[in-house]
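Here's the structure we're looking at; comments come further down.
Residue numbers (our numbering), protein chains in the order written: chain A, -6 to 104; chain B, 401 to 515.
Structure, rendered in structure tokens:
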């Protein structure tokens, strides 16, 4: 079964607005990562948050993790047209750190 | 220089054929992966190798056989191709495991179309 499910499936905002994407998962995790995928390209790693962390920042990105609710959110502030892409959360579980990707949120930033 | 490269980028073939996809990484990573992304963008891990040893083998038909000749290469051979195999296949690599998760670096993908 799918470990991570993202919400919303699609999001359209104006340039300069903030974009928030949510990820829910089902089992205990070691950590959670967010990736971006531009159309027709491979995934690019954005940020990793460990299970004992609650919030992490990287540039215009802010990630939160609530292990009690088994959920995470990715906030992109002051969005740009170049942020248009699909965003995936990925959870790591088990001894071999198996990474399972979510269903993705397709973000469109309108200039 | 490309960190993770895959060949070919596009592959169109008929049902029943056998095909291979090659992957190479020049990052010095110990771990490599194959993922399948379907038409709904759902990305699912297929295999993972660490130091040429298979460590993750998901529920994948036996027609799919990965081979890792060395730490920098992980190839995927597919026998008797079926329509349902049509997807984009991504190779990825990361540093060794050691009880930690490291970010994965993805290749550009190979779009396989089976007709």
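All C-beta atoms in this analysis are idealised placements derived from N, C-alpha and C, irrespective of residue type, glycine included.
Any C-beta of chain B under 8 Å from that of residue i
i: residue 50 (chain A); result: no
i: residue -3 (chain A); result: no
i: residue -6 (chain A); result: For residue -6 (chain A), the pLDDT reaches just 41, beneath the cut-off of 50, and the residue's location in the model is therefore unreliable, although a value from the coordinates is still provided. Chain B, which has no Cβ nearer than 8 Å to the Cβ of residue -6 (chain A), makes this no.
Contacts of residue i in chain B (Cβ-Cβ under 8 Å)
i: residue 36 (chain A); result: 443, 490, 492, 504 and 506
Burial state of residue i, where buried means 16 or more other Cβ atoms lie within 10 Å
i: residue 28 (chain A); result: buried
i: residue 509 (chain B); result: buried
i: residue 56 (chain A); result: buried
i: residue 498 (chain B); result: Note that residue 498 (chain B) has pLDDT 48, beneath the 50 cutoff, so the model's placement of it is unreliable and no number is given.
i: residue 10 (chain A); result: exposed
i: residue 62 (chain A); result: exposed
i: residue 482 (chain B); result: exposed
i: residue 408 (chain B); result: exposed
i: residue 493 (chain B); result: buried
i: residue -6 (chain A); result: Residue placement at residue -6 (chain A) cannot be trusted, given a pLDDT of 41 that sits under 50; what the coordinates show is reported in the next sentence. So residue -6 (chain A) ends up on the exposed side.
i: residue 103 (chain A); result: exposed
Proximal chain B residues relative to residue i, where beta-carbon distance stays under 7 Å
i: residue 79 (chain A); result: 441
i: residue 96 (chain A); result: 442
Contacts that residue i makes with chain A (C-beta to C-beta distance below 9 Å)
i: residue 509 (chain B); result: 33, 34 and 35
Reference residue i; option with closest CA among the options
i: residue 451 (chain B); options: B:472, B:480 and B:461; result: B:472
i: residue 404 (chain B); options: B:448, B:445 and B:429; result: B:429
i: residue 52 (chain A); options: A:68, A:64 and A:37; result: A:68
Just to confirm the assignment: which complete beta strand (DSSP E) runs, minimum length 3, are found wholly within the stretch 476 to 514 of chain B? If one requires a minimum length of 3 residues, the beta strand (DSSP E) runs lying completely within the stretch 476 to 514 of chain B are 487 to 494 and 510 to 514, in chain order.
*Length-filtered (3 minimum) beta strand (DSSP E) runs lying within the stretch 73 to 103 of chain A*: For the stretch 73 to 103 of chain A, whole beta strand (DSSP E) runs of length 3 or above, ordered along the chain, are 78 to 86, 91 to 94 and 98 to 103.
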